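Numbering (my numbering), first residue to last: 8 to 141. What follows is a set of notes on a single structure, which appears directly below.
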């Protein structure tokens, strides 16, 4: 996809319940990860106006998960186990691609820093050409 690069983050499940999974960072493709060591993927409960999502990404930035930042909803991309979202940080929107393992004990999140394709065709092309980390 041209000059667009991403930083890959690998996570492992540390706690799994019916309504959420907590993941811990295993490693990142760069020396400094962009995402925190602990994240949570939780079921979407319909408490916002979001559409086409079943899950949310929440990052651990306080001591209570209920007050931690909800970053994005996970939207299907058309590829099995691959979802997309976005992260607005420092005034710039970044594309996030979430790849779950079939087990699902691991999660890969690719962060396209300061890049978000607003054109649906480009987003679809990125998702279809995305290299699996599994």
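All C-beta atoms in this analysis are idealised placements derived from N, C-alpha and C, irrespective of residue type, glycine included. None of the values given here were measured: they were computed from a predicted structure.
According to the neighbour-count rule (16 or more other Cβ atoms, all chains shown, within 10 Å of its Cβ), is residue 139 buried or exposed?
Around the beta carbon of residue 139, fewer than 16 other beta carbons lie within 10 angstroms, which makes this residue exposed.
Alpha-carbon spacing of residue 27 relative to residue 130, whole angstroms
Straight through space, the alpha carbons of residue 130 and residue 27 are spaced by roughly 27 Å.
Rounded to the nearest angstrom, what separates residue 44 and residue 128 at their Cα positions?
Annotation: residue 44 to residue 128 spans about 32 Å, alpha carbon to alpha carbon.
Considering residue 130, what are the terminal residues of the alpha helix (DSSP H) in which it resides?
That run of the alpha helix (DSSP H) goes 127-136.
Which of the three DSSP states is assigned to residue 84 in this structure?
Annotated three-state conformation of residue 84 is coil, per DSSP.
My understanding is that residue 59 touches residue 86, with C-beta atoms under 8 Å, so please give their C-beta distance in whole angstroms.
Residue 59 to residue 86, Cβ: 15 Å. No contact.
Measuring CA to CA, which of 103, 55, 76 is closest to residue 15?
Comparing Cα positions, the closest option is 103.
Assign residue 70 to one of three DSSP states: helix, strand, or coil.
Correct three-state label for residue 70: coil.
N- and C-terminal bounds of the beta strand (DSSP E) containing residue 44:
Neither: residue 44 is in no beta strand (DSSP E) and is coded neither H nor E.
Who are the Cβ neighbours of residue 98 in its own chain at under 6 Å, not counting the five residues just before and after it?
Contacts found: none.
Provide the residue span of the beta strand (DSSP E) that contains residue 120, from first to last.
For residue 120, there is no enclosing beta strand (DSSP E), as DSSP marks it with neither H nor E.
Inter-residue Cα distance where the pair is residue 117 and residue 48:
Each residue's Cα considered, the two are about 15 Å apart.
What's the C-alpha gap between residue 78 and residue 93?
So the two alpha carbons sit approximately 8 Å from each other.
Whether residue 114 touches residue 18 by CB criterion (9 Å)
The answer is yes: Cβ separation under 9 Å.
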